[in-house]
Amino acid sequence: MATEVLKVEPQDSIEALQREAEELKKRLEEEKAKLKDVEMCKAASKIDPITNFSMKQRRHLKGHQGKVLCMDWSTDKKHIVSSSQDGKMLVWDAFSTNKEHAVTMPTTWVMACAYGPSGTKVACGGLDNKCTIYPVSLDDTDISSRKKAVATHTSYLSCCTFTCSDHQILTGSGDSTCALWDVESGQLIQSFHGHAGDVMSIDLSPSETGNLFVSGGCDRTAMVWDMRYGECVQVFEGHESDINNVRFYPSGDAFATGSDDATCRLFDLRADREANCYKMESIIFGCNSVDFSISGRLLFGGYNDHTVNVWDVLKGNRVTKLYAHENRVSCLGISPDGTALCTGSWDNTLKIWA
Amino acid sequence: MMTLKHLDSKPRHLVFSKFEKLIAFMNDQKTGITLREKKNFLTTVHDSFTGNDFINWLTEHVCDNDPLEAVHLATFLVMYGYIFPIDMKSFVAKDEKSTFYKFQSPYYWPSKNMKLSNEKYIIYLLKRSKRNKQKHALEEYEQNTLAKLQIVFSDKMGFLTKQAEEQVRQVKDMKRADKVVHDLQERAFWRVYRPPPGQVKYLDEGPARCFQISQMQQRKKKNKELKMKEVEYLRQAISKPRMKLSKSLEIMFGNCEQYMKYDPLLNDKVAQPSNPWMTEDQTMWDINCDMVEVPTEIRLRKWALRFEDLLRDDTGRNEFEMFLKKEYSQENIRFYKACRQLVTCPTSDVNKWKTEIEKEFLTPGAACEVNIDCKTLEMVHQQLKTDKEVSSKTRYIFQPAMEHVYALMKKDSYVRFLRSDQYKLLIERSQSVFTKKRFFNFGSNRKKAPSPQVQRRGSASSDGGGVEGELVGGPAYHSYSTGNLKELDDKPKTAVRSSNSPSLRRRTNDLEGKVAIGSDPRRRSNLEVPRSSYTSTSTTDAARKSEHVAQCIPLNVPRTNVVTPWEGES
């Protein structure tokens, strides 16, 4: 390493870049530190605490033969798509608990699935490195015959989500990239490079004119991207282990992360920094999935210790703990109208809570 | 690079190191758990502890006096093989005085045994089968596994049997007490790694990650492409404007407070008539389709929170478009929708949409020409000229113009829409439809259970540009119910069930004209148009009182009137 200093380096050598990056980082940290003028928990101390919040199990969806890995709500507030480790993707009428479609994928570990905004398409993928789109309609019993492979990555597909239309899908992969694809042609519209490790989760900004999405990965970094230019516009660090899940705050001005370091965190986009960290001494296991209630006051986290912890986003304390499943809680999501929470678990089942 | 590679061999999950810290804490001389002796028929197991002590210790030291959580955590300590029950049966943590537990030897900790071969397992099983039948007999599932493994390893059996015999001899040389402990530890270990069928495998892992920790660190350091991107980002980030955290949080808190009243998980009165998941009654979803003739009052009031909330709602966007039509500025919303369409349409349609938008909205003299300042227009035209081939940028070619139009609608048309007769009529209509019929049981005891709207107050929206504040009506307006099912039954049929996808052509104004039908004029007195800014200092009090005051609290439009909860009293 000592020889490095002696060498005459060109301007753009990796060492020169490294030094510049470190310098800039230091300055940036100083800049950001100036703006941290308050602790979130203190700022929220005068807000009324959440009292008498309770949630009960309302549905138990049984049908998967393997670990449930991912779920997504349909915009109709009743249907759910879920995927599992044994290669199955199921479309449920969660209200009646009927399974409406079942697709067997030519792979195990289907780690990603998503409902299209129109409710007529579902996408999924996993260790096959692909994102496959299926049409869903009740008159069509064999939807797998009309499947369409859209995206291909060089490693497993960890997450996918439709943009505001059925025509585009955004994917994240173990190959450390995210990509936006044209559903019709299967062409890549834009790719997003910047993560140093596996991308585990993505979420689109709910803001109308945003064109932003956030991604989180095993490099312990969350990045906010501008979809227009494929550029990373904000980087957030702080977690001590893999980030498993990211989710935008309903207003789009912040996002939450769930990590293997057993914490959930809230990152503020406007202040460009971590705003809060949700943790307790008794919580030892990693968090796999997070979502906000529609007001953004509650944050639900699905953990490896089979439970769901419900946090008060503003005050930072835990509101309650649900002993939700008999194995890891791998995924969860609030229904589009905020009336229910769905959790999926490695115990092969999904549950609806309200 | 040896050190980096070393990282990869360590368990990925922090949970192991955390458990090990906890175990050290439990072993602490002073604050640790009380160790006892467990006397068996002929032997004594030293340094064990009762389930009762176990749970109590965790409750007191880790779990914040929550015994339920302590039992849960204790079970994980057992299932992860850090602590084992001496009776080899209670593989859940039991809060009992009669059940004894013991710390597992660090040699057997899961962090040190990430990968276990079946060879090791078969040697262990063979060893046990060669020992005293009464004490060491294999359980049924173990016998089955042994039989299976013997077939798998048939060519190696001679070697494996010898190993097992060797180990049996070693055990025989041990002292009696040591032997008992050793047997327990080993058995507990395999109980964790090869659990009986049907038991949850706590130590199961997901598929391996693509990048090893060493690879990630290498890439962070040595990958030139990533480094250049990082530097580029950092250069820009330095000069980027940022908000003070306190300011940002203030906006967030205000925003949250407002929306909490519309959160069914925090305010069960929002789910009108009831949360379908709780009551099995799907009426709430029926009356809240994407496209409805009469939106519920809750929904209408939500439109006033932020412009986004109006636009995101299909019915809301439709109403807004009709309002703009009356104001002769319909082209704005149509242009906005077309631009959104361009962003999300199939690639094959990009060119079509591009030319259509240009022709319809941006050509001088076009029927629907949007009114944009010449600087922005110039910029867009410039971009149109250079944009020959369809690229990802083509989709955003009208972005500056779109943002301009959006801001215009938000600052001007939106505010006027909320003050318009059309919006007022919608609310009145909603009140008359849902209140008169007493459809929801809510109506009967409305004094005891004020609606969420009544307590609302002005607060900042996230972007500060929306109309901050609310309309507060009289005491009786907030009943959403109707007793007559008949009229409601028709609604789901007439309502167009559509999605959130911005497909324009489907959203025709099929509801146009129906809305303008006047409703009961008697109810109008309760509703006022918000005009002046909000001056009350103690908002919460004022809001509470307003429940009984039949006058309106005016709407605050300027963003300077943010009253944060902690400022309320001062």
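Residue numbers (full-length UniProt numbering), protein chains in the order written: chain X, 1 to 354; chain L, 1 to 570.
We put the CB at the ideal spot given by N, CA and C, even for glycine.
Contacts that residue i makes with chain X (C-beta to C-beta distance below 9 Å)
i: L:Ile238; result: Leu24, Arg27, Leu28, Glu31
Proximity below 8 Å, CB of residue i to CB of residue j
i: X:Lys121; j: X:Asp166; result: yes
i: L:Thr296; j: L:Asn288; result: yes
i: X:Ser191; j: X:Ile202; result: no
i: X:Val233; j: X:Asp226; result: yes
i: L:Thr344; j: X:Cys164; result: yes
i: L:Leu203; j: L:Phe84; result: no
i: X:Phe285; j: X:Ala262; result: yes
i: L:Val405; j: L:Asn332; result: yes
i: L:Thr44; j: L:Glu37; result: yes
i: L:Lys97; j: L:Thr50; result: yes
For residue i, the first and last residue of its enclosing alpha helix (DSSP H)
i: L:Val152; result: 140-152
i: L:Asn332; result: 330-344
i: X:Glu30; result: 14-35
i: L:Leu126; result: 118-129
Residues sharing a beta bridge with residue i, DSSP
i: L:His72; result: For L:His72, which the question treats as bridged, DSSP gives no partner whatsoever.
i: X:Ala102; result: X:Leu90
i: L:Gln170; result: Looking at the DSSP assignment, L:Gln170 forms no beta bridge with any residue, so it has no partner.
i: X:Gly258; result: X:Asn245, X:Cys264
i: L:Phe103; result: L:Ile83
i: X:Trp73; result: X:Ile80
i: X:Phe162; result: X:Ile169
i: X:Trp353; result: X:Gln57, X:Leu341
i: X:Cys124; result: X:Cys113, X:Thr132
Bounding residues of the beta strand (DSSP E) (the contiguous stretch that carries residue i)
i: X:Val319; result: 318-322
i: X:Val235; result: 231-236
i: L:Arg12; result: Careful: L:Arg12 lies outside any beta strand (DSSP E) and carries neither H nor E.
i: X:Asp312; result: 308-312
Where residue i meets chain L, residues with beta-carbon distance less than 7 Å
i: X:Leu314; result: Phe253, Cys256
i: X:Ala114; result: Near X:Ala114 there are no residues of chain L at all, since even the closest Cβ is about 14 Å away, more than 7 Å.
i: X:Lys77; result: Trp285
Simplified DSSP assignment, three categories, for residue i
i: L:Lys156; result: helix
i: X:His64; result: coil
i: L:Thr297; result: Strictly speaking, residue 297 of chain L in this sequence is Glu, with Thr absent from that position. It is helical.
i: L:Glu20; result: helix
i: L:Glu487; result: Reliability fails at L:Glu487, whose pLDDT of 39 lies under 50, so the model's placement of it is uncertain and the value that follows must be treated cautiously. It is helical.
i: L:Asp263; result: coil
i: L:Met402; result: helix
i: L:Arg506; result: Note that L:Arg506 scores 41 on pLDDT, short of 50, meaning its location in the model is unreliable; the coordinates nonetheless yield the value given after this. If DSSP states are grouped into helix, strand and coil, L:Arg506 belongs with coil.
i: L:Thr537; result: Because L:Thr537 sits at a pLDDT of 40, beneath the cut-off of 50, its placement in the model cannot be relied upon, and the point is left open.
i: L:Tyr477; result: Unreliable placement is indicated for L:Tyr477, whose pLDDT of 35 sits below 50; no coordinate value is reported for it.
i: X:Asn129; result: coil
i: X:Cys218; result: coil
i: L:Glu308; result: helix
i: L:Ser98; result: coil
i: L:Val231; result: helix
i: X:His193; result: strand
i: L:Tyr396; result: helix
Proximal residues of chain L, C-beta to C-beta of residue i below 8 Å
i: X:Cys232; result: Lys229, Tyr233
i: X:Tyr156; result: Pro207, Cys210
i: X:Pro250; result: Tyr259
i: X:Val183; result: Pro346
i: X:Ala179; result: Result: empty, since nearest Cβ-Cβ is about 11 Å, beyond 8 Å.
i: X:Glu326; result: Val200
i: X:Cys124; result: What X:Cys124 touches in chain L: nothing, since even the nearest Cβ is about 16 Å away.
i: X:Cys218; result: Arg209, Phe211, Met216
i: X:Phe236; result: Those within 8 Å of X:Phe236 in chain L number zero; the least Cβ separation is about 11 Å.
Chain-ordered neighbours of residue i on chain X, where CB pairs are closer than 7 Å
i: L:Ser392; result: Ile189, Gln190
i: L:His13; result: Asp260, Gly286
i: L:Arg301; result: Simply none; closest approach about 14 Å.
Listed by chain order, chain X residues near residue i by CB distance under 8 Å
i: L:Leu73; result: Ser282, Ile284, Asp305
i: L:Lys18; result: Ala262, Ile284
i: L:Tyr406; result: Glu208, Thr209
i: L:Phe76; result: Ile284, Phe285, Asp305
i: L:Lys220; result: Ala196, Asp219
Interface partners of residue i on chain L, CB under 9 Å
i: X:His193; result: Glu225, Leu226, Lys229
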